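Structure first, commentary second.
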Amino acid sequence: MSKDWEIEGFLTSVDNELRIDGVSAPELALEFGTPLFVFSERRIARNIDRLKGTFADGGPALKICYASKANSNLSILQAVLKAGADVEVNSGGELFKALHAGFSPDQIIFNGTSKDEREIEEAVRAGIYSIQADSFAEIELTERVALEAGIPANVSLRLVPEIRTDTLHGLQTALVTSKFGMMPDEAVSAFERWSDPEGPVRLKGIHIHLGSQNPSPDPYARALEALYREARAIFEKTGMKVSHLNIGGGFPVNYLRDRSHAGMISADQASLFGSEFDAGEALRSAWEKVREIATDEGFGELLEEIEIVTEPGRSIVADAGICLTTVRNLKSRRVERGTDEWLLTDAGFNILLSMETYKWYYHIVAASRAADPHETPYRLAGPLCDGGDVYFDIEGRDRLPDHRLLPEEMRAGDLLALLNCGAYSIAQMFPYNGRALPAVVLIEKDGNVKLARKRDEYEDLLRNEL
Ligand SMILES: Cc1ncc(COP(=O)(O)O)c(C=O)c1O
680 MSKDWEIEGF
690 LTSVDNELRI
700 DGVSAPELAL
710 EFGTPLFVFS
720 ERRIARNIDR
730 LKGTFADGGP
740 ALKICYASKA
750 NSNLSILQAV
760 LKAGADVEVN
770 SGGELFKALH
780 AGFSPDQIIF
790 NGTSKDEREI
800 EEAVRAGIYS
810 IQADSFAEIE
820 LTERVALEAG
830 IPANVSLRLV
840 PEIRTDTLHG
850 LQTALVTSKF
860 GMMPDEAVSA
870 FERWSDPEGP
880 VRLKGIHIHL
890 GSQNPSPDPY
900 ARALEALYRE
910 ARAIFEKTGM
920 KVSHLNIGGG
930 FPVNYLRDRS
940 HAGMISADQA
950 SLFGSEFDAG
960 EALRSAWEKV
970 REIATDEGFG
980 ELLEEIEIVT
990 EPGRSIVADA
1000 GICLTTVRNL
1010 KSRRVERGTD
1020 EWLLTDAGFN
1030 ILLSMETYKW
1040 YYHIVAASRA
1050 ADPHETPYRL
1060 AGPLCDGGDV
1070 YFDIEGRDRL
1080 PDHRLLPEEM
1090 RAGDLLALLN
1100 CGAYSIAQMF
1110 PYNGRALPAV
1120 VLIEKDGNVK
1130 LARKRDEYED
1140 LLRNEL
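Next up, the structure:
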């Protein structure tokens, strides 16, 4: 047995075969079929641990609420819970799953722009940490529900203070023109109106979520400063101290070039989110700056007992998830500049939606020839009936490489591993073209392989159809 290469003890090539947390990828594919999502509990715990250490040397209490929209599979939620994080939900369904996974109500925060009465009632009755109100109307609805239930509701307010980041337009969420949240002055008015500490609505905190894939730390500093200024305005107007500042999620994952995988990544794959993003460092420096401002302005006491909440999703699960797919078909096609060698896999955009919508690049390793040189260019495509179901940018805008580099002489039946696939993949999958949804396995910390989702059968395609 010889080890060819290793990445952070997580991925290894042993005798030319990819192992994930020590488990053979080809054997997993054989046992569970492909496409198959493989998750690492260790990697999830590692990602949470790194963030948990943010204020280890002093600073505010940090509440990490994993954004379950990134992946709400029950086993993943339980891995997050075991790793010591709390959870963010975005619907009654996610609230149901979080409670089912074992999170206690005080570990749950509930975001969303269009909560209905039933969802709010479920959150109020459960007694969750905070309902993140998106508008005045929603606070009023929550008040009515809380009065009817005879149970006070913990509420925090989501704000859109017009902070732009360098992410894609569709991923921005702190702009006045976005569909989210309330204006900062509305939030002050809300604290004036719902100021009774014994009333049905207990206003607790304020919240900004900048968006997803924010490539630089600076907007986090601006967001935390905006939250502090809001907390100060609320205090000056009402004498109320907010108990937490929620800085949201959005820490980026490097879909184009991950330095930890540098040995296997060719230099011509330019990076969109190239820098290694240290979320802990971003939060620490934002905190230091804001604490200084608050102290200078004579409002340091506002931050003395404050809790910082954060809602990372992607950065917790993306690199913990790998998609295994089999080459089902191949062809050679002569084109103007030579010959295109095509490989057609069984993983399409119905299970990797962001590859199509945002053109995320998932690096690929040939799992059964992991140590062979990956130098031969292939056109790669999925199984769906759309011409756009390809692993390159069909529009020719160079947002993905035209070819993937893999070992020479790829054959039908070869297994490929797509890295960094753990976020917003199985959470968004759909059975388009009658394709049964894939199985999901979790490699637990002790190396045990747990089936976290069974593969759909044809009968599942008929479920709910009358
Ligand atoms: C309110 C809120 N918080 C947190 C997140 C998680 O973002 P990410 O997965 O980029 O960390 C999202 C994502 O859409 C969100 O809408």
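Numbering-wise (the numbering used here), the sequence shown opens with residue 680 and increments by one.
Note that the Cβ used here is the ideal one computed from N, Cα and C, for glycine as well.
Treat the numbers as computed from the prediction; the structure is a model and nothing was measured.
| query | result |
| --- | --- |
| Closest to residue 689 by C-alpha separation, out of 730, 933 and 698, would be which residue? | 698 |
| Residue 1021 bridges to which residues according to DSSP? | 1010 and 1058 |
| Going by CA-CA distance only, name the one from 1067, 750, 966 and 1032 that's closest to residue 736. | 966 |
| Using a 10 Å radius around the Cβ and a threshold of 16 neighbouring Cβ atoms, would you call residue 994 buried or exposed? | buried |
| Could you spell out where the beta strand (DSSP E) holding residue 989 opens and where it closes? | 986 to 989 |
| Report the rounded CA-to-CA distance for residue 1074 versus residue 1036, giving the unit in angstroms. | 12 Å |
| Would you say the beta carbon of residue 817 is closer than 8 Å to some non-hydrogen atom of ligand 1? | no |
| What are the start and end residues of each continuous alpha helix (DSSP H) run of 4 or more residues lying completely inside the stretch 752 to 813, in chain order? | 753 to 761, 771 to 780 and 796 to 805 |
| Rounding to the nearest angstrom, what Cα-Cα distance links residue 1144 and residue 890 in this structure? | 36 Å |
| Considering only heavy atoms of ligand 1, does any lie closer than 8 Å to the CB of residue 1107? | no |
| Determine the contact status of residue 1094 and residue 1003, defining contact as a CB-CB distance below 9 Å. | yes |
| Based on the DSSP output, what are the partners of residue 744 in its beta bridges? | 765 |
| Using 8 Å as the cut-off, can you tell me whether the stretch 832 to 846 makes contact with the stretch 799 to 813, which would need three or more C-beta pairs spanning the two stretches below that distance? | yes |
| Do the stretch 1016 to 1028 and the stretch 914 to 934 make contact, defined as three or more Cβ pairs closer than 8 Å? | no |
| I'd like the span of the alpha helix (DSSP H) that includes residue 961, first residue to last. | 958 to 975 |
| By Cβ distance, which residues of its chain are closer than 7 Å to residue 854, with the 5 residues on each side in sequence left out? | 839, 841 and 843 |
| Would you please state the rounded distance, in angstroms, between the beta carbons of residue 767 and residue 740? I believe it to be under 8 Å. | About 17 Å; that fails the 8 Å criterion. |
| Report the three-state DSSP secondary structure of residue 1096 (helix, strand or coil). | strand |
| Measure the beta-carbon distance from residue 924 to residue 903 and round it to whole angstroms, keeping in mind my assumption that it falls under 8 Å. | 7 Å |
| Along the beta strand (DSSP E) that carries residue 915, what are the first and last residues, could you check? | No beta strand (DSSP E) holds residue 915; the alpha helix (DSSP H) holding it covers 897 to 917. |
| So, are the CB atoms of residue 1072 and residue 1038 less than 9 Å apart? | yes |
| State the beta-bridge partners of residue 833 as determined by DSSP. | 881 |
| So residue 1053 and residue 1099 are supposed to be a Cβ contact under 8 Å. How far apart are they, rounded? | The Cβ separation is near 16 Å, so there is no contact. |
| When burial is assigned at 16 or more other CB atoms within 10 Å of the CB, is residue 973 buried or exposed? | buried |
| Taking its Cβ as the centre, do 16 or more other Cβ atoms sit within 10 Å of residue 1112, making it buried, or is it exposed? | exposed |
| So which of 798, 799 and 756 has the shortest CA-CA distance to residue 657? | Since the displayed the chain opens at 680 and closes at 1145, residue 657 lies outside it and no answer follows. |
| Which residues does DSSP list as the beta-bridge partners of residue 923? | 884 and 986 |
| How would you label residue 635, buried or exposed, when you count the other beta carbons within 10 angstroms and need 16 or more for buried? | For residue 635 there is no data in the structure shown, the boundaries of the chain being 680 and 1145. |
| Have a look at 1085, 1045, 1077 and 785 and flag the residue whose alpha-carbon is nearest the alpha-carbon of residue 1057. | 1085 |
| Shortest alpha-carbon distance to residue 1067 belongs to which of 1033, 1051 and 1089? | 1033 |
| Per the DSSP calculation, residue 1118 is bridged to which residue(s)? | 715 |
| Given residue 793, which residues of its chain have a CB within under 6 Å of its CB, disregarding the five upstream and five downstream residues? | none |
| Would you list the residues sitting across from residue 1004 in a DSSP beta bridge? | 1095 |
| Taking the CB atoms as reference points, tell me whether residue 780 and residue 1124 lie closer together than 9 Å. | no |
| Strictly by DSSP, which residues pair up with residue 890? | 851 |
| What does the alpha-carbon distance come out to for the pair residue 867 and residue 1000? | 42 Å |
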